[in-house]
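These notes are about the structure you will find just below.
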């Protein structure tokens, strides 16, 4: 396979088995710059499903969330002394403990959709993805970032309500505090020049600090920094019917089967709904898919 082909954006493909999931992961790794990435489903992998000269990949084809133990076993499968980039793929999601462990060990976490698209799940994965877009293959024509991976700026979250309320309380208190000092014999003891300096200093200091607390109570939004990098949004999905057309359109059998598998594994309906929403399924269609997926369970 030529370099230009390896670096072409992988086309959508139906993920209907764990073998296809592994081959799909290898295609994406080649696109990210690991040109020799190869999947060998069914062979001895010792915890590694995709191998490349500079990276190792593991693919999970399951409905349950990936936890910290799976990532620990993946780290243990890396050869001693190896500096290969670890890349983990799953069709479901990751627990919070898994995300924390991946950040400690520099593991790139990705979620793949049933159509083969890839979505980064942590900063390491986004770095791997950005590096592929920023450094195209020398044999491939120069082009901008793929249209299926738009980039948007992320802003710091707004401060919690209790923090904003506390700042308002302190700010108002400081604005009113100087008024109570007027006529206080313990504060203004003379001479007149010294009392004037005290008066100006108290009012200026309290009003400046109080005004600052009130003005900044909502926190700073929209400022991009290294701590809040640009985050690629979810890959584009094919348009689906909306409105009344969505109520009569046939349901995708693969999504219904995936939702039924997640429900049978113990996932809650709202968790399955969140997974479908992240994959671009519309509200009305998500409700129909959940209803259809729950029917076999209700009959039992």
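Residue numbers (the numbering used here): 96 to 395. Just so you know, even glycine gets a beta-carbon here, dropped at the ideal spot from N, CA and C.
- Relative to the Cα of residue 356, the nearest Cα in the group 115, 147, 158 belongs to 158.
- Here residue 390 is exposed, its C-beta having fewer than 16 other C-beta atoms within 10 Å.
- In this structure, the straight-line span from the alpha carbon of residue 226 to that of residue 127 is close to 7 Å.
- If the five residues before and after residue 385 are omitted, its C-beta is found closer than 7 Å to the C-beta atoms of 354, 364, 367, 368, all from its own chain and listed in chain order.
- Listed as beta-bridge partners of residue 206 by DSSP are 185, 214.
- The count of Cβ pairs closer than 8 Å, one atom from the region 151-170 and one from the region 105-122, reaches three, so the stretches are in contact.
- CA-to-CA, the gap between residue 209 and residue 349 works out to about 8 Å.
- For residue 296, the secondary structure class from DSSP, reduced to helix, strand or coil, is helix.
- Counting only residues of its own chain and dropping the five nearest sequence neighbours on each side, residue 163 has a CB closer than 6 Å to the CB of 192, 193, 196.
- Under the three-state reduction of DSSP, residue 180 is assigned to strand.
- For a cut-off of 8 Å, the C-beta gap from residue 211 to residue 136 is around 15 Å, too long to register as a contact.
- Contact check for residue 380 against residue 351 fails: the beta carbons are separated by 8 Å or more.
- Secondary structure of residue 148 (DSSP, three-state): coil.
- When the alpha-carbon of residue 131 is set against those of 267, 147, 261, the nearest one is in 147.
- The DSSP-derived three-state label of residue 153 is strand.
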